[in-house]
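Be aware that the sequence shown starts at 8, since it is given in the working numbering, and climbs by one per residue.
Yeah, the Cβ is synthetic: ideal placement off N, Cα and C, and Gly gets one too.
Note that the structure is a prediction, hence the values are computed from the model and not measured.
Let me begin by presenting the structure, written as structure tokens, before commenting on it.
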Amino acid sequence: MQFFIDTGDIKEITEASKWGIVDGVTTNPSLIASTGRKQEDVIKEIAQIIDGPISAEVIATDKENMLKEAQELVKIHENIVIKLPLTMDGIAACKFLTDNNIKTNVTLCFSSNQALLAAKAGATYISPFIGRLDDIGHDGMALIEEIRNVYDNYGYMTEILAASIRHPTHVRDASFLGADVATMPFKVLKSLYAHPLTENGLEKFLSDHQKANK
Ligand code: G3P
Numbered sequence: 008m009q010f011f012i013d014t015g016d017i018k019e020i021t022e023a024s025k026w027g028i029v030d031g032v033t034t035n036p037s038l039i040a041s042t043g044r045k046q047e048d049v050i051k052e053i054a055q056i057i058d059g060p061i062s063a064e065v066i067a068t069d070k071e072n073m074l075k076e077a078q079e080l081v082k083i084h085e086n087i088v089i090k091l092p093l094t095m096d097g098i099a100a101c102k103f104l105t106d107n108n109i110k111t112n113v114t115l116c117f118s119s120n121q122a123l124l125a126a127k128a129g130a131t132y133i134s135p136f137i138g139r140l141d142d143i144g145h146d147g148m149a150l151i152e153e154i155r156n157v158y159d160n161y162g163y164m165t166e167i168l169a170a171s172i173r174h175p176t177h178v179r180d181a182s183f184l185g186a187d188v189a190t191m192p193f194k195v196l197k198s199l200y201a202h203p204l205t206e207n208g209l210e211k212f213l214s215d216h217q218k219a220n221k
């Protein structure tokens, strides 16, 4: 399973990059807005830190302008993946970019039929939003399972990028179900390391070692 960090915060990306387990970065317009900086500047800086796919989202809602934005975004760095919303225009733009060998991440996916459309358009990644489905009383993880089945039925190569991850259980369950990628906030990524038995066990090993070597 690949791990992407879902943030525009350079400090977080820099720290997580040192852990050796971050494969890529996803951003969205809200995350970029929270930095108070221009998307282009943030993405440029991320590309200097992480050598892996970096999703940058278009703002336009019509195909023609999505493609114009995509053209500018791909100039920033070779690792840029164009993030497009799951709309009719977004899917049409995805098909065009796929045909022109540009990687895409189709976002705001909330149903397996939507994921099927993205795969038909040749999307590199599909981003089902688990947490936002859970928030409204639906089952985000059931969507991951459905998409895995649909893609495996037809041999689609579009990678399932579990997004809107809120806690470590989301990561565990998405990995059980065969999601290809999990993108998560810094705090969730960090929390994956934690287990009280690891901490207590290490403390005991170290104190036993010290006692024996007095
Ligand atoms: O980047 C897309 C997604 O991960 C957003 O998550 O927490 O805003 O639902 P969230």
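Between Ile109 and Val81, the CB-CB gap stays under 8 Å. According to the DSSP secondary-structure assignment, Ala189 is paired through a beta bridge with Phe10 and Ala169. Each residue's CA atom was taken as its position, placing Ala99 and Asp180 some 32 Å apart.
At least one heavy atom of ligand 1 lies less than 7 Å from the C-beta of Thr190. In this structure, Asn160 has its CB at a distance of at least 7 Å from all heavy atoms of ligand 1. Residues Ser134, Phe136 and Thr190 of the same chain have their beta carbon placed closer than 6 Å to that of Ala170, with the five preceding and five following residues left out of the count.
The beta carbon of Ala130 sits no closer than 7 Å to any heavy atom of ligand 1. Ranked by Cα distance from Ser41, the options Ala23, Trp26, Ala67 and Asp13 are led by Asp13.
Within the region 32-78, the complete alpha helix (DSSP H) segments of 4 residues or longer fall at 36-40 and 46-56, listed in chain order. For Ser171, the Cβ falls inside the 7 Å cut-off from some heavy atom of ligand 1. If you look at Thr176, you'll find it in the alpha helix (DSSP H) that goes Pro175 to Phe183.
DSSP lists Leu91 and Ile133 as the beta-bridge partner residues of Val113.
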